[in-house]
Amino acid sequence: QAALQGGGRIFVVCCGSSFHAAKAGALFFNEIAQAPLQPVLPGEFRAEHARSLRDGDVIVAVSQSGETKDLIDVLNQVAQTGRRVSRVGLVNNLNSTLAQEKCELVLPLRCGPEVAVPATKSFLSQMAVFYCLALRLGERLCAALPPGPERAARQGALRARLDGLPSLPDLVAEASTCAAAELERAAQLLYLRPSVHILGTRHYAVALEGALKIREVVLNHTQGYEGSEFKHGPNTILGWSTLFGPT
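Here the sequence shown stands for residues 787 to 1033, numbered as in this note's numbering.
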(Lines of atoms letter the chains of each structure in order from A and count residues from 1; the text may use other names and numbers.)
(Lines give C-alpha, C1' and ligand atoms only; values in the text may rest on other atoms or scores of the structure.)
Protein backbone atom coordinates (compact mmCIF):
# COMPACT_ATOMS: atom_id res chain seq x y z
CA GLN A 1 0.00 0.00 0.00
CA ALA A 2 2.75 2.43 0.93
CA ALA A 3 4.59 1.74 -2.32
CA LEU A 4 1.53 2.42 -4.46
CA GLN A 5 0.47 5.54 -2.57
CA GLY A 6 4.04 6.86 -2.78
CA GLY A 7 4.22 6.40 -6.54
CA GLY A 8 6.23 3.19 -6.40
CA ARG A 9 5.78 0.15 -8.58
CA ILE A 10 5.50 -3.51 -7.63
CA PHE A 11 7.52 -5.88 -9.80
CA VAL A 12 7.05 -9.62 -9.37
CA VAL A 13 10.16 -11.34 -10.73
CA CYS A 14 10.06 -15.10 -11.23
CA CYS A 15 10.39 -18.02 -13.66
CA GLY A 16 8.35 -20.98 -14.88
CA SER A 17 5.29 -21.91 -12.82
CA SER A 18 6.03 -19.08 -10.39
CA PHE A 19 5.78 -16.60 -13.27
CA HIS A 20 2.44 -18.05 -14.29
CA ALA A 21 1.18 -17.74 -10.71
CA ALA A 22 2.33 -14.11 -10.75
CA LYS A 23 0.36 -13.55 -13.97
CA ALA A 24 -2.71 -14.82 -12.14
CA GLY A 25 -1.77 -12.56 -9.24
CA ALA A 26 -1.78 -9.55 -11.55
CA LEU A 27 -5.36 -10.39 -12.49
CA PHE A 28 -6.32 -10.68 -8.80
CA PHE A 29 -4.70 -7.35 -7.94
CA ASN A 30 -6.38 -5.61 -10.85
CA GLU A 31 -9.87 -6.97 -10.26
CA ILE A 32 -9.95 -7.21 -6.47
CA ALA A 33 -7.67 -4.43 -5.24
CA GLN A 34 -7.77 -2.27 -8.38
CA ALA A 35 -4.00 -1.97 -8.08
CA PRO A 36 -1.24 -2.73 -10.62
CA LEU A 37 1.16 -5.64 -10.34
CA GLN A 38 3.89 -6.21 -12.94
CA PRO A 39 5.05 -9.83 -13.39
CA VAL A 40 8.35 -10.02 -15.29
CA LEU A 41 10.86 -12.72 -16.11
CA PRO A 42 14.38 -12.11 -14.75
CA GLY A 43 15.84 -11.46 -18.19
CA GLU A 44 13.04 -9.04 -19.03
CA PHE A 45 13.56 -7.24 -15.73
CA ARG A 46 17.25 -6.75 -16.38
CA ALA A 47 16.59 -5.55 -19.93
CA GLU A 48 13.57 -3.33 -19.33
CA HIS A 49 13.50 -2.16 -15.70
CA ALA A 50 16.80 -2.64 -13.85
CA ARG A 51 18.29 0.74 -14.83
CA SER A 52 15.05 2.68 -14.31
CA LEU A 53 14.26 1.66 -10.74
CA ARG A 54 13.31 4.45 -8.37
CA ASP A 55 13.03 4.87 -4.62
CA GLY A 56 9.84 3.31 -3.29
CA ASP A 57 9.65 0.46 -5.79
CA VAL A 58 9.09 -3.09 -4.51
CA ILE A 59 10.57 -6.31 -5.90
CA VAL A 60 8.69 -9.50 -5.08
CA ALA A 61 10.80 -12.58 -5.83
CA VAL A 62 8.76 -15.77 -6.20
CA SER A 63 10.43 -19.17 -6.14
CA GLN A 64 9.51 -22.62 -4.89
CA SER A 65 13.13 -23.61 -4.32
CA GLY A 66 14.53 -20.21 -3.39
CA GLU A 67 17.67 -21.07 -5.36
CA THR A 68 16.80 -19.84 -8.86
CA LYS A 69 20.10 -18.31 -10.03
CA ASP A 70 18.56 -15.80 -12.46
CA LEU A 71 16.39 -14.49 -9.63
CA ILE A 72 19.29 -14.26 -7.19
CA ASP A 73 21.26 -12.31 -9.80
CA VAL A 74 18.40 -9.83 -10.16
CA LEU A 75 18.23 -9.21 -6.41
CA ASN A 76 21.99 -8.73 -6.28
CA GLN A 77 21.71 -6.17 -9.06
CA VAL A 78 18.86 -4.38 -7.30
CA ALA A 79 20.86 -4.16 -4.06
CA GLN A 80 23.81 -2.70 -5.96
CA THR A 81 21.76 0.21 -7.32
CA GLY A 82 21.66 1.86 -3.89
CA ARG A 83 17.99 2.71 -4.41
CA ARG A 84 15.47 2.32 -1.61
CA VAL A 85 13.83 -0.69 -3.22
CA SER A 86 12.14 -3.19 -0.92
CA ARG A 87 12.85 -6.87 -1.57
CA VAL A 88 10.12 -9.35 -0.65
CA GLY A 89 10.36 -13.10 -1.12
CA LEU A 90 7.53 -15.58 -1.69
CA VAL A 91 9.39 -18.82 -1.08
CA ASN A 92 8.64 -22.41 -0.14
CA ASN A 93 12.15 -23.41 0.97
CA LEU A 94 12.89 -21.16 3.95
CA ASN A 95 16.48 -22.41 4.18
CA SER A 96 17.25 -21.14 0.70
CA THR A 97 19.49 -18.31 -0.47
CA LEU A 98 16.54 -16.10 -1.36
CA ALA A 99 14.88 -16.53 2.01
CA GLN A 100 18.02 -16.34 4.14
CA GLU A 101 20.14 -13.75 2.36
CA LYS A 102 18.46 -11.79 -0.42
CA CYS A 103 15.06 -10.65 0.85
CA GLU A 104 14.11 -8.23 3.61
CA LEU A 105 10.72 -9.88 4.14
CA VAL A 106 9.76 -13.48 3.37
CA LEU A 107 6.25 -14.87 2.91
CA PRO A 108 6.51 -18.65 3.40
CA LEU A 109 4.40 -20.99 1.29
CA ARG A 110 4.76 -23.92 3.74
CA CYS A 111 3.25 -26.36 1.26
CA GLY A 112 5.88 -29.07 1.67
CA PRO A 113 8.63 -30.01 -0.79
CA GLU A 114 7.84 -30.55 -4.45
CA VAL A 115 8.89 -34.13 -5.21
CA ALA A 116 8.34 -34.01 -8.98
CA VAL A 117 9.31 -31.64 -11.77
CA PRO A 118 5.72 -30.47 -12.50
CA ALA A 119 5.00 -28.09 -9.63
CA THR A 120 1.42 -28.50 -8.46
CA LYS A 121 0.89 -27.68 -4.80
CA SER A 122 3.43 -24.83 -4.86
CA PHE A 123 1.72 -23.29 -7.90
CA LEU A 124 -1.70 -23.45 -6.23
CA SER A 125 -0.25 -22.11 -2.98
CA GLN A 126 1.38 -19.20 -4.79
CA MET A 127 -1.92 -18.29 -6.43
CA ALA A 128 -3.69 -18.55 -3.07
CA VAL A 129 -1.15 -16.18 -1.49
CA PHE A 130 -1.55 -13.66 -4.32
CA TYR A 131 -5.33 -13.90 -3.94
CA CYS A 132 -5.12 -13.22 -0.20
CA LEU A 133 -2.66 -10.36 -0.74
CA ALA A 134 -5.06 -8.81 -3.25
CA LEU A 135 -7.88 -9.07 -0.71
CA ARG A 136 -5.82 -7.50 2.07
CA LEU A 137 -4.54 -4.70 -0.16
CA GLY A 138 -8.07 -4.13 -1.44
CA GLU A 139 -9.30 -3.71 2.12
CA ARG A 140 -6.64 -1.13 2.91
CA LEU A 141 -7.11 0.86 -0.27
CA CYS A 142 -10.88 0.73 0.18
CA ALA A 143 -10.59 2.04 3.75
CA ALA A 144 -8.67 5.05 2.41
CA LEU A 145 -11.58 6.03 0.12
CA PRO A 146 -14.02 8.74 1.23
CA PRO A 147 -17.41 7.43 2.43
CA GLY A 148 -19.82 6.96 -0.42
CA PRO A 149 -21.37 4.48 -2.87
CA GLU A 150 -18.04 3.40 -4.41
CA ARG A 151 -16.52 2.58 -1.05
CA ALA A 152 -19.65 0.69 0.05
CA ALA A 153 -19.77 -1.32 -3.17
CA ARG A 154 -16.10 -2.28 -2.96
CA GLN A 155 -16.43 -3.22 0.70
CA GLY A 156 -19.38 -5.47 -0.11
CA ALA A 157 -17.48 -7.22 -2.90
CA LEU A 158 -14.43 -7.73 -0.68
CA ARG A 159 -16.56 -9.08 2.15
CA ALA A 160 -18.17 -11.62 -0.18
CA ARG A 161 -14.76 -12.85 -1.35
CA LEU A 162 -13.46 -13.07 2.22
CA ASP A 163 -16.52 -15.04 3.31
CA GLY A 164 -15.95 -17.49 0.48
CA LEU A 165 -12.23 -17.95 1.11
CA PRO A 166 -12.52 -20.99 3.46
CA SER A 167 -14.47 -22.90 0.80
CA LEU A 168 -11.68 -22.74 -1.83
CA PRO A 169 -10.11 -26.15 -0.99
CA ASP A 170 -13.50 -27.84 -1.22
CA LEU A 171 -14.22 -26.11 -4.54
CA VAL A 172 -10.92 -27.34 -5.99
CA ALA A 173 -11.70 -30.91 -4.91
CA GLU A 174 -15.26 -30.65 -6.21
CA ALA A 175 -14.08 -29.34 -9.58
CA SER A 176 -11.69 -32.28 -9.98
CA THR A 177 -14.44 -34.77 -9.11
CA CYS A 178 -17.16 -33.21 -11.24
CA ALA A 179 -14.88 -32.88 -14.26
CA ALA A 180 -13.57 -36.46 -14.14
CA ALA A 181 -15.37 -37.51 -17.32
CA GLU A 182 -14.31 -34.36 -19.17
CA LEU A 183 -10.72 -34.85 -18.01
CA GLU A 184 -10.70 -38.39 -19.40
CA ARG A 185 -12.12 -37.15 -22.69
CA ALA A 186 -9.49 -34.38 -22.86
CA ALA A 187 -6.73 -36.92 -22.18
CA GLN A 188 -7.99 -39.03 -25.08
CA LEU A 189 -7.92 -36.02 -27.38
CA LEU A 190 -4.41 -35.07 -26.27
CA TYR A 191 -2.99 -38.59 -26.60
CA LEU A 192 -0.15 -38.78 -29.13
CA ARG A 193 -0.85 -35.32 -30.53
CA PRO A 194 2.49 -33.88 -31.67
CA SER A 195 1.43 -30.27 -31.17
CA VAL A 196 -1.03 -28.60 -28.78
CA HIS A 197 -1.95 -24.92 -28.52
CA ILE A 198 -3.81 -23.62 -25.45
CA LEU A 199 -5.47 -20.21 -25.77
CA GLY A 200 -6.31 -18.07 -22.78
CA THR A 201 -8.34 -14.88 -22.62
CA ARG A 202 -8.24 -13.11 -19.27
CA HIS A 203 -7.00 -16.34 -17.62
CA TYR A 204 -3.84 -16.28 -19.74
CA ALA A 205 -1.85 -17.66 -16.79
CA VAL A 206 -3.84 -20.90 -16.94
CA ALA A 207 -3.00 -21.35 -20.62
CA LEU A 208 0.70 -20.83 -19.92
CA GLU A 209 0.76 -23.18 -16.94
CA GLY A 210 -1.32 -25.82 -18.70
CA ALA A 211 1.09 -25.84 -21.60
CA LEU A 212 4.06 -26.10 -19.25
CA LYS A 213 2.48 -29.03 -17.41
CA ILE A 214 1.93 -30.97 -20.63
CA ARG A 215 5.51 -30.32 -21.75
CA GLU A 216 6.90 -31.42 -18.38
CA VAL A 217 4.76 -34.54 -17.98
CA VAL A 218 4.55 -36.02 -21.49
CA LEU A 219 7.39 -34.10 -23.21
CA ASN A 220 5.01 -32.97 -25.94
CA HIS A 221 5.24 -29.68 -27.83
CA THR A 222 2.61 -27.44 -26.26
CA GLN A 223 2.28 -23.66 -26.32
CA GLY A 224 0.06 -21.30 -24.32
CA TYR A 225 -1.05 -18.05 -25.94
CA GLU A 226 -3.08 -15.02 -25.09
CA GLY A 227 -6.13 -15.64 -27.28
CA SER A 228 -5.85 -12.54 -29.44
CA GLU A 229 -2.22 -13.33 -30.30
CA PHE A 230 -2.99 -16.70 -31.85
CA LYS A 231 -3.97 -15.19 -35.18
CA HIS A 232 -0.70 -13.25 -35.37
CA GLY A 233 1.44 -16.13 -36.57
CA PRO A 234 0.80 -19.36 -34.61
CA ASN A 235 -2.34 -20.16 -36.60
CA THR A 236 -0.25 -20.43 -39.77
CA ILE A 237 1.41 -23.65 -38.56
CA LEU A 238 -1.79 -25.56 -37.80
CA GLY A 239 -1.99 -29.01 -39.33
CA TRP A 240 -4.18 -32.09 -39.31
CA SER A 241 -2.52 -33.37 -36.15
CA THR A 242 -2.68 -30.10 -34.19
CA LEU A 243 -5.04 -29.76 -31.26
CA PHE A 244 -6.03 -26.49 -29.60
CA GLY A 245 -8.55 -25.45 -27.01
CA PRO A 246 -9.60 -22.37 -25.04
CA THR A 247 -9.19 -21.86 -21.28
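Quick reminder that beta carbons are idealized off the backbone N, C-alpha and C, glycines included. These numbers were taken from a predicted model, which means no experiment stands behind them.
If only uninterrupted beta strand (DSSP E) runs of at least 3 residues are considered, those enclosed by the stretch 857-909 are 872-877 and 891-894. The alpha-carbon separation between E853 and S882 amounts to approximately 6 Å. Nearest Cα to E890 within the set E834, A821, I845 and L927: I845. Counting only runs of at least 4 residues, the stretch 789-822 fully encloses the following alpha helix (DSSP H) elements, listed from N- to C-terminal order: 802-814. If you draw a 10 Å sphere on the C-beta of V799, you find 16 or more other C-beta atoms in it, and that means buried. Bounds of the beta strand (DSSP E) holding L985 are S981 to G986. In this structure, G875 lies near L893, with their beta-carbon atoms less than 8 Å apart. Here I858 is near L884, since their CB atoms are less than 8 Å apart. Between the stretch 976-991 and the stretch 1003-1012 there are three or more C-beta pairs closer than 8 Å, enough to call the two in contact. Where Y1011 is concerned, the enclosing beta strand (DSSP E) starts and stops at H1007 to E1012. Shortest Cα-Cα distance from E995 to any of F797, L975, F916 and C801 involves C801. Taking the C-beta atoms as reference points, S911 is found nearer than 8 Å to L895. When DSSP states are grouped into helix, strand and coil, A920 belongs to the helix group.
Just measuring C-alpha positions, the residue of L861, R945, F805 and A973 sitting nearest L827 is F805. The beta carbons of V864 and L880 sit no closer together than 8 Å.
Q850 carries a coil assignment under DSSP once its states are collapsed to helix, strand and coil. Secondary structure at P952: helix, using DSSP grouped into helix, strand and coil.
In this structure, A789 and D843 form a Cβ contact; the two beta carbons are roughly 7 Å apart against a cut-off of 8 Å.
Listed in chain order, the non-local C-beta contacts of P1020 below 8 Å within the same chain comprise H983, Q1009 and Y1011, local neighbours out to five positions each way being set aside. Distance from the Cα of H989 is smallest, within the candidate group A808, A930 and N862, for A808. Residue state for P1020 is assigned as helix, using DSSP reduced to three classes. Comparing C-alpha distances from V958 to each of E887, M913 and L944 shows the shortest one belongs to M913.
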